[in-house]
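Note sheet for the following structure.
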Amino acid sequence: MMDIAIYSLVDDMVSKAGTEGVVEYWLRVGESYAERMGKEAYVGWPAFNVAMKDGRTSLTVEGDVNVQTDLAITDKDGDVIGYVYALKTCPIAPTMARFISRIGPIPDSDTDVADSYNNRVRDSAVSNYCITHQKFREVAANNITVAKQALECLHLANKGMTGEVKMVQENLSRINVDERHIKSILRSASCVFALIVKGKSAGEEIID
49 MMDIAIYSLV DDMVSKAGTE GVVEYWLRVG ESYAERMGKE AYVGWPAFNV AMKDGRTSLT
109 VEGDVNVQTD LAITDKDGDV IGYVYALKTC PIAPTMARFI SRIGPIPDSD TDVADSYNNR
169 VRDSAVSNYC ITHQKFREVA ANNITVAKQA LECLHLANKG MTGEVKMVQE NLSRINVDER
229 HIKSILRSAS CVFALIVKGK SAGEEIID
């Protein structure tokens, strides 16, 4: 019943507020949820990555995250400024799977809201629930410091229930990672994202 209720809620929200209104609502939900998690500080990347592996940071409340230790991101001086991470399973995936198996296809409102977000904000959602999850990671990352440096989250790619893949090319370019490598990670993951020192990119510094 809860699975049905979740999608009935989205249908109702779209009928009353339109797809743009639902997008704004999910963005507020993700931001509010992340702010409640509080701030975190780590002495360095090794300590932070151990916390990620052990599920002890706000960025692992969605599920198990694999640290791609072979994908360290370095600046022009060769210093590590971030890593690539992969969420094993989307937290909404079990709900979607149960809905499809017991009720039928996911309602069109899910795609309509995702399309609204993709057209107006960033082409990175394969479901309307991606909006909340991605906003959550962005805000949560801003509340984390590694070696006293603030972080930011760059969404790289995610995979839908039907196998649809979204790639954020500008973020891939920023960390200088080939999309073929990211696609190989997606074979056993739902979402792939990078965490880097705020204001940096691979090989150079970004000036705000």
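Residues 49 to 256 in this note's numbering are what the sequence shown spells out, letter by letter.
Just so it is clear, CB atoms sit at the ideal spot from N, CA and C, and this is done for glycine as well.
Quick one: what's Glu88 bridged to in DSSP? Position 40 of the sequence shown, counted from the first residue, corresponds to residue 88. Answer by DSSP bridge pairing, in chain order: Ile192.
May I ask which residues mark the beginning and end of the alpha helix (DSSP H) holding Glu212? On the sequence shown, position 164 is the one that residue 212 refers to. Per DSSP, Glu212 belongs to no alpha helix (DSSP H) and is neither H nor E.
Tell me the start and end of each unbroken beta strand (DSSP E) in the segment 101-183 that is at least 3 residues and wholly inside, in chain order. 113-122 and 128-135
Can you check whether the CB of Ile151 is closer than 8 Å to the CB of Met144? Locating residue 144 in the sequence shown gives position 96, where the first residue counts as 1. Locating residue 151 in the sequence shown gives position 103, where the first residue counts as 1. Contact flag unset, no.
Does the segment 95-105 come close enough to the segment 74-82 to have 3 or more Cβ pairs within less than 8 Å? no
If we ignore side chains and look at the alpha-carbon of each, how far apart do Asn114 and Leu204 end up? By one-based count along the sequence shown, residue 114 stands at place 66. By one-based count along the sequence shown, residue 204 stands at place 156. Rounded to the nearest angstrom, the two C-alpha atoms are 14 Å apart.
Given 8 Å, three or more beta-carbon pairs between the segment 206-222 and the segment 103-119: no
For Val245 and Lys207, believed in contact at Cβ under 8 Å, the rounded distance: The residue labelled residue 207 in the question sits at position 159 within the sequence shown. The residue labelled residue 245 in the question sits at position 197 within the sequence shown. A Cβ-Cβ separation of about 27 Å leaves Lys207 out of contact with Val245 under the 8 Å criterion.
Do you know offhand how far Asp48's Cα is from Lys183's? Outside the displayed range of the chain (49 to 256) lies residue 48, so it cannot be described from this structure.
Would you check if the segment 228-236 and the segment 191-200 touch, i.e. whether three or more CB-CB distances between them fall below 8 Å? no
Identify the residues that DSSP records as bridge partners of Lys207: which are they? By one-based count along the sequence shown, residue 207 stands at place 159. Val213, per the DSSP bridge assignment.
Measuring straight from C-alpha to C-alpha, what distance separates Ala250 and Lys124? Against the sequence shown, residue 250 aligns to sequence position 202. Against the sequence shown, residue 124 aligns to sequence position 76. Their backbone Cα atoms lie some 7 Å apart in a straight line.
Spatial distance of Glu88 from Ala188 (CA atoms): Along the sequence shown, read from residue 1 onward, the residue named residue 88 stands at position 40. Along the sequence shown, read from residue 1 onward, the residue named residue 188 stands at position 140. Going by the C-alpha atoms only, they are around 9 Å apart.
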